[in-house]
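The opening position of the sequence shown corresponds to residue 272 in this note's numbering, with each subsequent residue numbered one higher.
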Amino acid sequence: LSQGSVFGTVAVLPYKHMKAALEGQAVSGVLASLANIISIATSSSPTVNGLVYFLVALCFITITAALFLVLPRNDYFAYYWSKKNNQDETKEPSLEGMNNERGNSLEPIVSENKIGVLSSMRETFLPGMCVLITLMITLSLFPAIAARIRPITVIPNDPWTNVYFVPVLIFLLYNVGDWCGRTLAGFVKWPKRNRMLLVLFLCLLRAASIPVCMLCNAQPRSYLPVVFKHDIFPALIILILGLTNGYLVSISMIHGPTFASPGNQESAGAALSIYLSFGLSFGVAISVGLSQIL
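Right, here's the structure in full:
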């Protein structure tokens, strides 16, 4: 629910705010991976670590909720929110212009969407499917299959092969790649809005990573052989998986609100978050099946 509200809100603003929201998700993944590595290195109690993780998350949620409540008082946000029925994202107003638009009115800002979320899902079907397919493929592998990958050669009492291989080579590398992909998408913005079919093709192309990852040294396994017998292969596939996930999701989410009819960018952002949720759910379901045939 909160994710849908956030994406619905930033969809009304210029694209750089959608980019910032997406990058924030990636940064949280990197911080969580680093925290996991630090907790392993310090040999802290799992109970204490869990408590600290939840307290930190609770603090950030509380701060975010407080900022969300005072957001309507911001002149920059209020300008775009009041103009969302006839937005022009190519134009950034001056502070003077924003103040003139608001005047001295302190009336609450209320959404006046013309269409519902289901209609917005139809309008944003193409970018939404790109988001869904990208996340479905990612979640089918990460973390269910990827976290089971082990080094080809395990050296007794070696911290890297016995302790840090998965936290660093799998989780941290993926999240860093995801962050880099999302950051790059905000600068490159390719393919353009009118080339979303190409984005969809690239999303489908990522399905090739599924057999490659499953043929790495993921343990335990019962049916499939280990084909890629070097640790460089899982490192490359995880890095590519993270980069492409971040890039394609960001491109689709940035272009998505531009497919909405005038005045319905907020509903478009909420619709995209629904596609995102479906992608996560389908990916988790597929990962269960892939784990059984490994």
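Every residue gets a Cβ at the ideal spot worked out from N, C-alpha and C, and that includes glycine.
These figures come from a predicted structure and were not determined experimentally.
For a test of the three-state rule: what should DSSP assign to residue i, helix, strand or coil?
i	result
residue 420	strand
residue 489	strand
residue 365	Its pLDDT being 46, under 50, residue 365 is placed unreliably by the model, and nothing is read from it.
residue 502	coil
residue 535	coil
residue 529	helix
residue 553	helix
residue 371	Here residue 371 scores only 49 on pLDDT, less than 50, and its place in the model should not be relied on; the value that follows carries that caveat. Residue 371 falls in the helix class under three-state DSSP.
residue 515	helix
residue 583	Given that the chain is displayed from residue 272 to residue 565, the structure contains no residue 583 and the question cannot be resolved.
residue 482	helix
Between which two residues does the alpha helix (DSSP H) harbouring residue i extend?
i	result
residue 286	286 to 312
residue 317	317 to 341
residue 446	444 to 459
residue 350	346 to 353
residue 565	Run containing residue 565: none; DSSP gives neither H nor E here.
residue 495	Here residue 495 belongs to no alpha helix (DSSP H), and DSSP marks it neither H nor E.
residue 389	388 to 394
residue 245	Past the edges of the chain, shown from 272 to 565, lies residue 245, and the structure says nothing about it.
residue 472	467 to 476
Could you tell me which of the options sits nearest to residue i, measuring between CA atoms?
i	options	result
residue 349	414, 281 and 398	281
residue 477	336, 520 and 314	520
residue 299	312, 311, 322 and 332	332
residue 508	328, 411, 336 and 445	445
residue 289	549, 534, 526 and 555	526
residue 284	311, 343, 309 and 325	343
Which whole-angstrom value describes the C-beta separation of residue i and residue j, a residue pair presumed to lie in contact below a C-beta threshold of 8 Å?
i	j	result
residue 543	residue 278	6 Å
residue 493	residue 565	7 Å
residue 416	residue 558	7 Å
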